[in-house]
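So in the working numbering, the last one in the sequence shown is 402, and the numbering has no gaps at all.
The beta-carbon is built from N, C-alpha and C at its ideal position, and this holds for glycine as well.
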Amino acid sequence: MSGLTVVKALNRALHEAMAADPGVLVLGEDVGVLGGVFRVTEGLSEAFGEQRVIDTPLAESGIIGTAIGLALRGFRPVAEIQFDGFVFPGFDQIVNQLARYRSRTHGRQGLPVVIRIPFGGGIGAAEHHSESPEAYFMHTPGLHVLSCACPQDAHWLLRQAIACPDPVILFEPKARYYAKGEVDESGPDLPMGSARIVRPGRDAALLTYGPMVRTCLDAAQAAAGEGRDVEVVDLRSLAPLDMATIRACAERIRRVIVVHEARLTLGPGAELAARLDEEMWGALDAPVLRVAAWDTHYPPARTERAYLPDAERVLDALDRSFAY
């Protein structure tokens, strides 16, 4: 499938999964008649009916609770959280019920629930509409936490998530929803939980995911003009982390920078830096550096450019790494 946007790739994945399995349901605010705020669920209600594409009340706790109940009855619900900042009313259901169920039943019962969350900034939205809450869910045992950055991964990570016997949170970068790319119809080229090297390099490595993949590729291109060959690794999976790929990259290149839109303190980069320090102390030529959002609340839309990491901040981190 050529020239699909991330939105269309997600829509195609939902359509295929629902056609293949009558137990797959979609629920969320405005997912039916409207087709979702970003039109990810457009056409699904007409194709599969209101019993399988369910417009819910504006109550995220109810959406997640309903999805848990459906999963217990043998369905595979895909719940949409309309915007990232709206997930917190459902946080209790996710971390205290959904994530714990496999452990609570001593491994006998999983909950095949997918929670789709558009996340990140860059669209000039109002308060609560641009957040990066992924670290909260990485910290929660029992959840798979994924993030797509291109149509190929949007399509196949969602298909893999729906097939997973345990709960999956899929973070979708809303600022990249309309980026186009190829989708291989023959199947996924990587298993769920694997990182992808999207730009090979030899001088420094940028570990990133979601909306920052494009930013890091732009920074790597600019660095090439300065004679630096920079590798870009799309993590794709935040829980679990693909430490085998990450360690191999760090061992080979010896300079690592982690880039994300989440805030700096206790963000995903902190975990990566800590693990690489514990496991590879002495093998790197410079400390693991982090490029992240500032430790403030997400600002008003007119100032988000000063808040979000950009290629210039990534290039500055590269300069600092090479100064060691």
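Which class does residue 337 belong to by DSSP, given the choice of helix, strand or coil?
As a first step, residue 337 must be located in the sequence shown, where it is residue number 259. Residue 337 sits in a strand when the DSSP states are folded into three classes.
Would you mind sorting residue 293 into buried or exposed? The rule is 16 or more other CB atoms within 10 Å of its CB.
Position 215 of the sequence shown holds residue 293. It is buried - the Cβ of residue 293 has at least 16 other Cβ atoms within 10 Å.
In this structure, does DSSP put residue 306 in helix, strand or coil?
Start at 1 with the first residue of the sequence shown, and residue 306 comes out as number 228. Residue 306 falls in the coil class under three-state DSSP.
Are the region 299-309 and the region 235-252 touching by the rule of at least three beta carbon pairs closer than 8 Å?
These segments do not touch.
Do residue 211 and residue 133 have their C-beta atoms within less than 8 Å of each other?
Locating residue 211 in the sequence shown gives position 133, counting from the first residue. Locating residue 133 in the sequence shown gives position 55, counting from the first residue. Cβ atoms of residue 211 and residue 133: not closer than 8 Å.
For the candidate residues 361, 296, 111, 287, whose alpha-carbon lies nearest to that of residue 345?
One-based indexing of the sequence shown puts residue 345 at position 267. Nearest in C-alpha terms to residue 345, of all of 361, 296, 111, 287, is 287.
In the DSSP assignment, find the unbroken beta strand (DSSP E) run with residue 164 in it and report its ends.
Within the sequence shown, the letter at position 86 stands for residue 164. Judged by DSSP secondary structure, residue 164 falls outside any beta strand (DSSP E); it is assigned neither H nor E.
Would you report the Cα separation of residue 129 and residue 336, rounded to the nearest angstrom?
Taking the sequence shown and counting its residues from 1, one reaches residue 129 at position 51. Taking the sequence shown and counting its residues from 1, one reaches residue 336 at position 258. Taking the straight line from one Cα to the other gives about 43 Å.
Residue 136: buried (16+ other C-beta within 10 angstroms of its C-beta) or exposed?
For the purposes of this step, residue 136 is taken as residue 58 along the sequence shown, with counting starting at 1. It is exposed - the Cβ of residue 136 has fewer than 16 other Cβ atoms within 10 Å.
Inter-residue Cα distance where the pair is residue 100 and residue 142:
Counting from 1 along the sequence shown, the entry for residue 100 is found at position 22. Counting from 1 along the sequence shown, the entry for residue 142 is found at position 64. Approximately 20 Å between the Cα atoms of the pair.
From which residue to which residue does the beta strand (DSSP E) around residue 80 run?
Working through the sequence shown from its first residue, we reach residue 80 at position 2. Run containing residue 80: none; DSSP gives neither H nor E here.
Straight-line Cα distance separating residue 339 from residue 383:
Translated into the one-based positions of the sequence shown, residue 383 becomes position 305. Translated into the one-based positions of the sequence shown, residue 339 becomes position 261. Take the alpha-carbon of residue 383 and the one of residue 339: they are about 11 Å apart.
Is the CB-CB distance between residue 396 and residue 301 below 8 Å?
Within the sequence shown, residue 396 is the residue found at index 318, counting from 1. Within the sequence shown, residue 301 is the residue found at index 223, counting from 1. Cβ distance < 8 Å, so residue 396 and residue 301 count as in contact.
To which residues of the same chain is residue 121 closer than 8 Å at the C-beta, ignoring the five residues directly before and after it?
Position 43 of the sequence shown, counted from the first residue, corresponds to residue 121. A distance below 8 Å between beta-carbons, with the five flanking residues on each side excluded, links residue 121 to the following residues of its chain, in chain order: 89, 93, 113.
Rounded to whole angstroms, how far is the Cβ of residue 325 from the Cβ of residue 290, which I believe are closer than 8 Å?
If you number the sequence shown from 1, residue 325 lands on position 247. If you number the sequence shown from 1, residue 290 lands on position 212. Between residue 325 and residue 290 a beta carbon distance of about 21 Å is seen, past the 8 Å cut, so the two are scored as non-contacting.
The alpha helix (DSSP H) with residue 105 in it runs from where to where?
Here the question's residue 105 lines up with position 27 in the sequence shown. Residue 105 -> not in any alpha helix (DSSP H); beta strand (DSSP E) instead, spanning 102-106.
So, under 8 Å CB-CB, residue 83 and residue 258 are touching, yes? Tell me the CB distance rounded to an integer number of Å.
To locate residue 83, count along the sequence shown from 1; it is residue 5. To locate residue 258, count along the sequence shown from 1; it is residue 180. With a contact defined as Cβ atoms closer than 8 Å, residue 83 and residue 258 qualify at about 5 Å.
Contact under 8 Å by Cβ, residue 106 with residue 160:
The sequence position of residue 106 within the sequence shown is 28, counting from 1. The sequence position of residue 160 within the sequence shown is 82, counting from 1. In terms of Cβ geometry, residue 106 and residue 160 form a close pair [threshold 8 Å].
If you follow the beta strand (DSSP E) that residue 323 is in, where does it begin and where does it stop?
Working through the sequence shown from its first residue, we reach residue 323 at position 245. Residue 323 -> not in any beta strand (DSSP E); alpha helix (DSSP H) instead, spanning 321-331.
In whole angstroms, what separates the C-alpha of residue 260 from that of residue 181?
In the sequence shown, the residue the question calls residue 260 occupies position 182. In the sequence shown, the residue the question calls residue 181 occupies position 103. Each residue's alpha carbon lies about 39 Å from the other.
As an exercise, report each continuous alpha helix (DSSP H) stretch of at least 4 residues that is fully enclosed by the region 249-313, in chain order.
You should have 290-302.
Assumed close pair residue 280, residue 95 - CB separation to whole angstroms, cut-off 8 Å
Locating residue 280 in the sequence shown gives position 202, where the first residue counts as 1. Locating residue 95 in the sequence shown gives position 17, where the first residue counts as 1. In fact, because the Cβ distance is near 40 Å, the residues do not count as touching under 8 Å.
Can you tell me the Cα-Cα spacing of residue 315 and residue 401, whole angstroms?
Position 237 of the sequence shown, counted from the start, is the residue given in the question as residue 315. Position 323 of the sequence shown, counted from the start, is the residue given in the question as residue 401. Whole-angstrom Cα-Cα distance: 31 Å.
Compare the Cα-Cα distances from residue 435 to each of 195, 320, 354, 317 and report the closest residue.
Examination of residue 435 is not possible in this model, given that the chain is present from 79 through 402 alone.
Can you tell me which of 207, 267, 205, 147 puts its alpha carbon nearest to the alpha carbon of residue 232?
Residue 232 sits at position 154 when you count from the first residue of the sequence shown. For residue 232, the closest of 207, 267, 205, 147 by C-alpha to C-alpha distance is 267.
If we require 3 or more residues per run, which beta strand (DSSP E) segments fall completely within the region 137-210?
Runs found: 154-158, 192-197.
Reduced DSSP secondary structure (H/G/I, E/B, other) of residue 371:
As a position in the sequence shown, residue 371 is number 293, starting the count at 1. Residue 371 falls in the strand class under three-state DSSP.
Terminal residues of the alpha helix (DSSP H) in which residue 111 lies
Along the sequence shown, one-based indexing puts residue 111 at 33. No alpha helix (DSSP H) contains residue 111, which DSSP labels as neither H nor E.
Check for me: the alpha helix (DSSP H) holding residue 394 runs from which residue to which?
Counted from its first residue, the sequence shown places residue 394 at position 316. Looking at the DSSP string, the run of the alpha helix (DSSP H) that includes residue 394 is 389-400.
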